[in-house]
Structures are given as C-alpha cells and as structure tokens.
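**Student:** Protein chains in written order, with our numbering: chain W, 13 to 159; chain E, 106 to 497. Take this structure, written in structure tokens, and hold onto it; I'll ask about it next.
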Amino acid sequence: MSVPAIEGWFTSGDAPALVGSRCTTCATVHFPRTDGFCRNPRCAGEEFAETTLARRGTVWSYTDAQYQPPPPYIPAGDDYIPFALAAVELPEGIVVLGQVAEGYGVDDLHVGAEVELVVERLYTDETGERTIWRWKPVAELGEEADA
Amino acid sequence: MSDVVVAGVGMHPWGKWGRNFVSYGVHAAREALADAGVNWADVDLVVGGETVRNGYAGYVAGATFAQALGWNGARVATSYAACATGAQALDTARARILAGMSELALVVGADTTPKGFLAPNAGERWDDPDWLRFRLLGMTNPAYFALYARRRMDLYGATAEDFAAVKVKNSRHGLANPNARYRKEVSPADVLGSAVVCDPLHLLDICATSDGAAAVLLCSADYARRHGLADPVRVRAVSTVTPTFPNTVIDMPLLATDAGTPGPRTFKESIGDAAYEEAGIGPDDVDVAEVYDLSTALELDWMEDLGLCGRGEAEALLRAGETTLGGRIPVNPSGGLACFGEAVPAQALAQVCELTWQLRGRAQGRQVEGARVGITANQGLFGHGSSVILSL
C-alpha cells in the first residue's frame, strides 16, 4: 500500500498536484497549506480554501545531493542513491522545492526548463510505501530527437 | 543619531578544540576587555548570543557568560537569531547605550559545532519546516547554497573555476590570521578536485563547521571620550530587518516562497539598504566588506546584494582581482568562513572584530590599506537580517 509521506500536501492519481490554501479574504495562495494566518501583511484573513496548484512550472534553479543527508532524511534503500533537487516557479508566482523524478539528474535540467509534477516512492517503512511529489523534466519538442 | 563606539574586540581562535562553548566565550570576552583596557567590573550590560547545541547553559548565554566571568551585577540579555545572532545581540547592546541606559556593554557569541551537515534537533516534528525539509526532500544547507550557485551559472555565466577562485582568494587572505582555523593556501585544482557535495559546489566551496568565539565591547561616545579612546571605530548602523511580503527568493529552511509579485528589492538587498540608510552612506563609500561566504558562490551574491557591484557583475570583479587585498573592494580579508568555518552565534561578531582591526590598521598580514568604512552581511534563518557598518 502506498501512502503520502505527509498528509494533505498533494493529490495522487493520473494528474497529481500540490494542494495549497487560498486565503478567502485576499486570495493569496500558500504552500505548504496553512490553517493559521494569512501571510499578506495587509490581510487579517484566517480562513482558507483548499486549492490545487498548477502541475507544470519552470525551473528556478536545481542541484543534487551527492552525499546522504542526515536524519530525519530516510534513504530509499540500503545503498544511498544520489538524487536531484529543483526549485520550480509555478504560474501562481510561488517557487516550490522538490526532488527531481527518479532517473533524472542535473544534466537534464537548466534554469527555465519546464517540469511537471509526479508522485513517486520516497521511502518504505513499516506502514508500506511512502510517496512524495517530484519534478519531472518535460522534454521539449524536438529535444529527444536532438539527443 | 549619536554613534556607539567599539571599545574592544576579541576572539578565541576557531577550530575543533573539544571544549565547552563557555570557555571559548570567556576567552574572547577577556581579550575584548584587555583590548579596551577596561575592567570586567565596570561592564554594566552583558548580551550573550544563544547557541542551541549546548543545552541549558546555551539557551541562557547572557547569564552563562556573566556567571563565568564572575557575577558583577550587570544587566543581562540573550539573543537568538540563528546566523544573525551576533548582529541582533550587538543591536540590543547598542540600543541600550543609545537610550542612555548603559555605558559599557559586552556582547559575546560562542559555539561548538558538530562535524558534518548541520541538522535539525532530534524527534518527530511534522509542523517544523526545518525538520520537514530533511524528511520530505533531503534538503541540506549546502543544497540551498547550490541552488543559488547553479542559478549564477545559468544566468550570468559563472563557472566552477570562478567559485574556486573565491576559495583561493579567501584562503590567501586567511594565511596570516591568528584566529582562522584553516591557514593553508588552496589552489583551484584543490577545490575542483574535491568531491562534489551538491552540484555545482565542491567540498572546498562549502564552509566547514567549527568551534569559535568572538566578543565586542561597546561603549557610549561619552564613555570613550572620558577614557581617552582616541579615533575610535564607530558603529554606524546595525540592520536587523525582516523580509517584505512577498518574499520571492527561496530561503533556507523553507520549502516554498510566498506567492505574489516580487517587490523592487529582495530581502537580502533590503538588509544592506537599511544599513546604508542608517549610516547615511552608500556602497561607493565602503572600503572593505566581510560577507557570509557559507559557499564560495554566496560571496558573489552578497557583493551584489550589498550594491558593491551590479547584478551579475561579481565574477568580473573577482576575475579582475578587485575583491582581493590591494583591489578596489577587498571582500573577506579575514579569510571569511572559508578559513574560519561556522560557529553560528559568534560569526556576525567575528565579522565586526575583523572590521575593527581593519579600520584601526591592525590587521597584520591582511590589512586593507587606508580602510575607513567597512560593512558586514549575513542572514539568519526565518528572516533575520544582519548587516553592520563601522567607520572611523
């Protein structure tokens, strides 16, 4: 059975998306979702509606983790496999960090590249597979033929 | 605003010494007192920089240092602002002096830091962004620095060789610094040949963690006159600003920025702006800068954030030798974090110590000739600005 590594932050299925919250007073979007106070200093809003964020965005920047991060990071398996990370700018005007989809590395990315949200296994614990959102490079038209 | 004066500065050499942070802090404090030629008994305010890695005593650093130095009845305060702790502690001392409530204030920061990646405290904390970034993404501190570095490459054509050149420069600057942990010349090949931690940053592009301590003794201008402090170094500004909404540049340890249209100035730019405004000067007036080189590439970011050059121009300045000793605007003459490593509550104070020595003309072996104005910059987690301007 696969369960999100954190509850309520993203949807799964064929077209998974991040779940943020939209302030019902000023419409500012927050991610991760908030149930507290609106971050807009000119707004006193404390009520929020769930909102899914755009599934595609452009890379603001990217890197990778060639050394295993310390706990509370949980490695995916016994042997550490480095993974890439990307900060992705969404049409809502928000930049969201995420790991990069399995099989892709920094060589597949550049600032401004288009990526799409996918959901993949992060680690496995006693409850089963834990999933997380990841950014997957979207091949531009003609790009694969060039390669 | 009348200025507050730096009466004395001191440090404990940085490294991995295996002792308690209190002993480092007391050493630095005594050096600062000796430097000023004043008695501990005359200090009427102690501000300690808090450390989160040393249990109870670290959380009440002001009282901890006051007790270790011997209770003298001084007023006491403790500051915590992550990497900006030292600047915030300094600001507390300065404000009290400016208000006429203190005359002679001791500010101390000291820490011991474990080897390897800095990591959140133990336990399961699902509402703590600092914990979540590790659990959900494996985002270490260097991963954030690497995002900024990679962006410089893709946007401005920076190269791994440029980043290495920052380390080479800073390692040379630190050679003669008795308080620096690393005093060894580093070649570009050393940097580029070291393991990649987070693309594009190598092990030698990223600052180490260290033990260390720094102390700054502040006094009122009146106290300085009465005690014959001739041509003293003055604190012209302490910037502790928070960001302005929306904060649209991703910052450690957060997982996302604010949504919205960015303002005209980024948070890091606003830190320097506030300092310049308070001092009534501009970037052109600055002779020397001590900036937070958590990574080599971050030093280049800070040069632009402080207006020492235009956006995307830092590599050109570096390549032309303008940021090294003898250049137009030497950056990190102390050797910076590249030579010191991080000791969080002490670092912003260490920058102030270095500028004080520079402005006094006492930075032996690393002196920026004729320096009259210096600026520091760093930034603490969750929106702590930190910049200090000193001048003669």
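All residues carry an ideal CB built from backbone N, CA and C; glycine is no exception. Just so you know, these numbers come straight off a predicted model, no measurement behind them.
1) Would you say V244/E faces chain W, with C-beta separation under 8 Å as the test?
2) Determine the burial state of C38/W: buried for a count of at least 16 other Cβ atoms within 10 Å of its Cβ, exposed for fewer.
3) Give the straight-line distance between the Cα atoms of S496/E and V338/E, rounded to the nearest whole angstrom.
4) What does a CB cutoff of less than 8 Å around R477/E pick up in its chain, not counting 5 residues either side in sequence?
5) Pull up the distance between the alpha-carbon of D410/E and that of L430/E, whole angstroms please.
6) Take every Cβ of the segment 58-70 of chain W, pair it with every Cβ of the segment 22-32 of chain W, and state whether three or more of those distances are shorter than 8 Å.
7) Considering only C-alpha positions, which residue in the set A200/E, S375/E, P348/E is nearest to T362/E?
8) Threshold first: 4 residues or longer. Then list the alpha helix (DSSP H) segments lying entirely within the segment 113-174 of chain E, N to C.
9) Does chain E have any CB closer than 8 Å to the CB of P53/W?
10) Can you tell me which of A263/E, L211/E, A294/E puts its alpha carbon nearest to the alpha carbon of N177/E?
11) Roughly how many whole angstroms lie between the Cα atoms of N226/E and W236/E?
12) Would I494/E pass as a contact of R341/E if the rule is Cβ separation under 8 Å?
13) Report the residue from T218/E, G205/E, A112/E whose alpha carbon sits nearest the alpha carbon of N144/E.
14) Applying the 10 Å Cβ sphere with the 16-neighbour rule, what's the burial state of T481/E?
15) Check the C-beta distance from P388/E over to G412/E and give it rounded, since I have them as a contact under 8 Å.
16) By DSSP's criteria, V100/W is part of a beta bridge. Which residues make up the other side?
17) Could you please give the first and the last residue of the uninterrupted beta strand (DSSP E) stretch that includes K289/E?
18) Write down every uninterrupted run of the alpha helix (DSSP H) in the segment 422-460 of chain E whose length is 4 residues or greater and which is fully enclosed by it, in chain order.
19) Skipping 5 residues on each side, what residues in its chain have a beta carbon closer than 6 Å to that of D158/W?
20) Would you say D410/E lies against chain W (beta-carbon separation less than 8 Å)?
21) Check Y79/W in the structure and name its three-state DSSP category.
22) For G317/E and Y129/E, what's the separation of their Cα atoms in angstroms?
23) For L195/E and I386/E, what's the separation of their Cα atoms in angstroms?
24) Given that W236/E touches chain W, what residues does it touch there, using C-beta distances under 8 Å?
25) Looking at the secondary structure, which residues open and close the beta strand (DSSP E) in which Q193/E lies?
26) Given this structure, state the Cα-to-Cα distance separating D267/E from I106/W, to the nearest angstrom.
27) Taking only beta carbons into account, state which residues of the segment 273-305 of chain E come closer than 8 Å to chain W, listed in chain order.
28) Output needed for S292/E: all residues of its chain with C-beta closer than 8 Å, excluding positions within five of it in sequence on either side, in chain order.
29) Taking the alpha helix (DSSP H) that S375/E falls in, what are its first and last residues?
30) Apart from the five residues on each side of it in sequence, which residues of its chain come closer than 7 Å, Cβ to Cβ, to A77/W?
31) Quick one, are the C-beta atoms of T156/E and P450/E less than 8 Å apart?
32) Could you pull the DSSP bridge partners for P16/W from this structure?
33) Is the shortest distance between the beta-carbon of D356/E and the beta-carbons of chain W less than 8 Å?
34) Would you call the segment 363-382 of chain E and the segment 241-258 of chain E touching, i.e. three or more CB-CB distances under 8 Å?
35) Sorted by chain position, which residues of the same chain lie with C-beta nearer than 7 Å to Q80/W's C-beta, five sequence neighbours on each side aside?
36) In three-state terms, what does DSSP make of A329/E?
**Tutor:** Looking at the atomic coordinates:
1) The question names Val, but residue 244/E in the sequence shown is Met. For M244/E, the answer is yes, since a Cβ of chain W falls inside 8 Å of its Cβ.
2) Classification of C38/W: exposed, given that the 10 Å Cβ count is below 16.
3) Within the model, the alpha-carbon separation for S496/E versus V338/E is close to 6 Å.
4) Cβ within range, chain order: D392, L464, S496, L497.
5) Taking the straight line joining both Cα atoms gives about 21 Å.
6) Yes: at least three Cβ pairs fall under 8 Å.
7) Nearest of A200/E, S375/E, P348/E to T362/E, Cα basis: P348/E.
8) Here the runs fully enclosed are 126-141, 160-164, 166-174.
9) It does: the Cβ of P53/W has a partner Cβ on chain E nearer than 8 Å.
10) Minimum Cα-Cα distance from N177/E among the listed residues A263/E, L211/E, A294/E corresponds to L211/E.
11) Their backbone Cα atoms lie some 8 Å apart in a straight line.
12) Taking C-beta atoms as the reference points, I494/E and R341/E count as a pair closer than 8 Å.
13) Nearest to N144/E by alpha-carbon distance, out of T218/E, G205/E, A112/E, is A112/E.
14) Label assigned to T481/E: buried.
15) Contact between P388/E and G412/E holds, with the beta-carbon distance rounding to 4 Å and staying under 8 Å.
16) As a beta-bridge residue in DSSP terms, V100/W pairs with V71/W, V108/W.
17) Taken as a continuous stretch (DSSP letters only), K289/E belongs to no beta strand (DSSP E), as it is neither H nor E.
18) Counting only unbroken stretches of 4 or more residues, the alpha helix (DSSP H) elements lying wholly within the segment 422-460 of chain E are 441-445, in sequence order.
19) The predicted model places D158/W with a pLDDT of 46, which falls under 50 and marks its position as unreliable; any figure quoted below should be read in that light. Counting only Cβ-Cβ distances below 6 Å, and skipping sequence neighbours, we find nothing.
20) So, not an interface residue.
21) Coil.
22) Answer to the nearest angstrom: the Cα atoms are 6 Å apart.
23) Approximately 20 Å between the Cα atoms of the pair.
24) Under a criterion of Cβ atoms nearer than 8 Å, the residues of chain W adjacent to W236/E are, in order, P84.
25) Per DSSP, Q193/E belongs to no beta strand (DSSP E); it is in the alpha helix (DSSP H), 190-203.
26) Roughly 30 Å between the two C-alpha positions.
27) Correct list: A300, V301, V302, C303, D304, P305.
28) These residues qualify, in order along the chain: V273.
29) The continuous alpha helix (DSSP H) containing S375/E extends over residues 372-384.
30) Scanning its chain for C-beta atoms nearer than 7 Å, with the 5 sequence neighbours on each side dropped, one finds around A77/W the residues P94, F95, L97, in chain order.
31) Going by C-beta atoms, T156/E is nearer than 8 Å to P450/E.
32) The partner list for P16/W (beta bridge, DSSP) reads T143/W.
33) It does not; no Cβ of chain W falls within 8 Å.
34) The segment 363-382 of chain E is not in contact with the segment 241-258 of chain E.
35) P87, Y92, listed in sequence order.
36) Secondary structure at A329/E: helix, using DSSP grouped into helix, strand and coil.
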